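K.L.:
Okay, here's the structure, questions in a sec.
Numbering (our numbering), first residue to last: 17 to 450.
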């Protein structure tokens, strides 16, 4: 027979809960448990933590450890980047961040709210498994978090079903105590405070609130892609959506310096710095486009220029993606938003691709994209004026329904392979965030 956990004992031929007697006295209108959890009766000292609940990671079955490992790594990187030296522990159904006594939880919460793969983050008090220890933790949380609440509910759970009190027992006992101490009424739906007690195999956690995480999958758990970054509003949002799906994202930006100033390159760097808050190390490839652009302008019908630019960019981005072991391209295109983004033009552009071209925004309208950009923190950078490569030599009437055959015919005047090689070889790679 395996040994009993410490919260059970044998009495005669029965297994009974272990109970340590604690002194209780009245003070004012509330009950006060006498003695310190740190010193009396060998009770474990209470400590503060952040409990991180998974998002879609919980659905991954046999591959779950891959996703939880990636998430724990990203949590450590995020905290380290913020200068927070908090231990991170990977447990069976959660990740736990240990907080120093008396520390402000806000910096860690703010930092972790941008880490993809997290469903909720709960600041919690950790206690021992004795019922009296849990009650002391409840009382401390109530003192700190009540703030005049008039209604409450208790939501207890236990992952170890050997624990002698059921979830219903815990709800009833703790609810009665809280009601006696605070005078608040129990309300099962829409309560001012939801007091949560999570009983595990070795300890228990008490908390009253949790903060929404970024959701999705941990970055680095779903493959490697290359995002075309224009400097506008849309492409950073598209890249962030790939973060949310667990992809590692490299970036490529095309510029026409010295035909224009270097402002678009500066914007691209600034945008990647913001996006890298979720990735913890990014590569940005800055591709000189001026020479190729001049040749395209000389060889291609003006109405086809923008489509020709895009076909060229797809080819160069693919070459850089292959060199960096990325498996797909990502763009910020949305159907019908501008002239180059009709279905016909997208088909003409994609006809040169040899790897998947992912368009996370394809069905979104501009206001939805702007709202996401504001939330990401990229919007204010994206709307700064700049001179990008596609603003040069723009025709008055760009083609709306291009033909693949016509685009290919025009490109016969160009040494496409040499232009692609020259542009890819001339790219400057900037590492951001490491």
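For every residue, glycine included, the Cβ atom is placed at its ideal position computed from N, Cα and C. Computed from a predicted model, the values in this text were never measured in an experiment.
Looking at the structure shown, is residue 139 part of a helix, part of a strand, or coil, going by DSSP?
P.N.:
Strand, per DSSP.
K.L.:
Check whether the Cβ atoms of residue 398 and residue 229 sit closer than 8 angstroms, and answer yes or no.
P.N.:
For residue 398 and residue 229, no; Cβs fall outside 8 angstroms.
K.L.:
Would residue 339 count as contacting chain D if we go by Cβ distances under 8 angstroms?
P.N.:
Absent from the structure: chain D. Only one protein chain is present.
K.L.:
According to the neighbour-count rule (16 or more other Cβ atoms, all chains shown, within 10 Å of its Cβ), is residue 182 buried or exposed?
P.N.:
Exposed, because fewer than 16 other Cβ atoms sit within 10 Å of the Cβ of residue 182.
K.L.:
If we ignore side chains and look at the alpha-carbon of each, how far apart do residue 370 and residue 244 end up?
P.N.:
Approximately 16 angstroms between the Cα atoms of the pair.
K.L.:
With DSSP collapsed to three states, give me the class of residue 40.
P.N.:
Only weak support exists for where residue 40 lies, its pLDDT of 28 falling under 50; the coordinates are left without a value.
K.L.:
With H, G and I counted as helix, E and B as strand and the rest as coil, what does DSSP make of residue 304?
P.N.:
In the structure shown, residue 304 sits in a strand (DSSP, three-state: E or B).
K.L.:
Give a yes or no on whether the C-beta atoms belonging to residue 340 and residue 251 are separated by under 8 angstroms.
P.N.:
Contact: no.
K.L.:
Name the two residues that bound the continuous beta strand (DSSP E) containing residue 441.
P.N.:
Looking at the DSSP string, residue 441 is not in any beta strand (DSSP E); the run it does join, the alpha helix (DSSP H), is 432-441.
K.L.:
What's the gap between the Cα of residue 173 and the Cα of residue 214?
P.N.:
Their backbone Cα atoms lie some 5 angstroms apart in a straight line.
K.L.:
Would you say residue 114 and residue 108 are within 8 angstroms of each other, going by their C-beta atoms?
P.N.:
No, the Cβ-Cβ distance between residue 114 and residue 108 is not below 8 angstroms.
K.L.:
Figure out for me which residue from 195, 133, 138 and 139 has the closest Cα to the Cα of residue 166.
P.N.:
Considering only alpha carbons, the answer is 195.
K.L.:
With burial defined as no fewer than 16 other Cβ atoms inside 10 Å of the residue's Cβ, what is the status of residue 126: buried or exposed?
P.N.:
When all chains shown are included, residue 126 counts as exposed.
K.L.:
Which residue marks the beginning of the alpha helix (DSSP H) containing residue 451, and which one marks its end?
P.N.:
Lying before the first or after the last residue shown, residue 451 is absent from the chain, which here runs from 17 to 450.
K.L.:
Going by other Cβ atoms of all chains shown within 10 Å of its Cβ, with 16 needed for buried, is residue 257 buried or exposed?
P.N.:
Label assigned to residue 257: buried.
K.L.:
Between residue 164 and residue 207, what straight-line distance do the alpha-carbon atoms span, to the nearest angstrom?
P.N.:
Rounded to whole angstroms, residue 164 to residue 207 spans 12 angstroms at the Cα level.
K.L.:
Does residue 379 pass the burial test, meaning 16 or more other C-beta atoms within 10 Å, or should it be called exposed?
P.N.:
Under this definition residue 379 is an exposed residue.
K.L.:
Is the segment 261-269 close to the segment 384-399, with three or more CB pairs under 8 angstroms?
P.N.:
With the cut-off at 8 angstroms, the segment 261-269 and the segment 384-399 do not touch.
K.L.:
For residue 223, which of 169, 320 and 271 has the nearest alpha-carbon?
P.N.:
Considering only alpha carbons, the answer is 169.
K.L.:
Tell me whether residue 464 sits in a helix, a strand or coil according to DSSP, three-state version.
P.N.:
Here the chain covers residues 17 to 450 and nothing more, so residue 464 does not appear.
K.L.:
Starting from the C-beta of residue 295, find all residues in its chain whose C-beta is less than 6 angstroms away, skip the five residues before and the five after it, and write them out in chain order.
P.N.:
Same-chain partners within the cutoff: 235.
K.L.:
Nearest to residue 87 by CA position, among 100, 135, 65 and 63, is which residue?
P.N.:
With distances taken between Cα atoms, residue 87 lies closest to 135.
K.L.:
Write down every uninterrupted run of the alpha helix (DSSP H) in the segment 124-210 whose length is 4 residues or greater and which is fully enclosed by it, in chain order.
P.N.:
Counting only runs of 4 or more, we get 147-161 and 183-198.
K.L.:
I need the straight-line Cα distance from residue 39 to residue 390, nearest angstrom please.
P.N.:
For residue 39, the predicted structure reports a pLDDT of 29, less than 50, and the residue's modelled location is therefore unreliable. A value from the coordinates is still provided. Approximately 55 angstroms, taken between the alpha carbons.
K.L.:
Counting pairs of Cβ atoms below 8 angstroms between the segment 282-299 and the segment 413-426, do you hit three or more?
P.N.:
Not touching, per the Cβ criterion.
K.L.:
Bridge partners for residue 65 per DSSP, in chain order?
P.N.:
Looking at the DSSP assignment, residue 65 forms a beta bridge with 114 and 140.
K.L.:
Since residue 101 is in the alpha helix (DSSP H), which residue starts that stretch and which ends it?
P.N.:
Where residue 101 is concerned, there is no enclosing alpha helix (DSSP H), given that its DSSP letter is neither H nor E.
K.L.:
Is there contact between the segment 308-326 and the segment 347-366, where contact requires at least three CB pairs shorter than 8 angstroms?
P.N.:
Flag = yes, the segment 308-326 and the segment 347-366 touch.
K.L.:
Going by beta carbon distance, what residues of the same chain come within less than 7 angstroms of residue 283, once the five residues before and after it are set aside?
P.N.:
Counting only Cβ-Cβ distances below 7 angstroms, and skipping sequence neighbours, we find 247, 397, 400 and 402.
K.L.:
If distances are taken between C-alpha atoms only, which option among 372, 411 and 331 comes closest to residue 239?
P.N.:
Looking at the Cα atoms, 372 is the closest of the given residues.
K.L.:
Between which residues of its own chain and residue 438 is the CB-CB distance below 8 angstroms, once the five residues before and five after are set aside?
P.N.:
Contacts found: 307 and 308.
K.L.:
Going by DSSP, name the residue or residues bridged to residue 244.
P.N.:
Answer by DSSP bridge pairing, in chain order: 268.
K.L.:
Roughly how many whole angstroms lie between the Cα atoms of residue 330 and residue 315?
P.N.:
Residue 330 and residue 315: Cα-Cα distance of roughly 19 angstroms.
K.L.:
Could you work out which residue in 410, 197, 124 and 221 is closest to residue 110 when comparing CA atoms only?
P.N.:
Minimum Cα distance to residue 110 is reached at 221.
K.L.:
For residue 70, list the residues DSSP reports as bridge partners.
P.N.:
134, per the DSSP bridge assignment.
K.L.:
Check residue 222 in the structure and name its three-state DSSP category.
P.N.:
Of the three classes helix, strand and coil, the one that applies to residue 222 here is strand, per DSSP.
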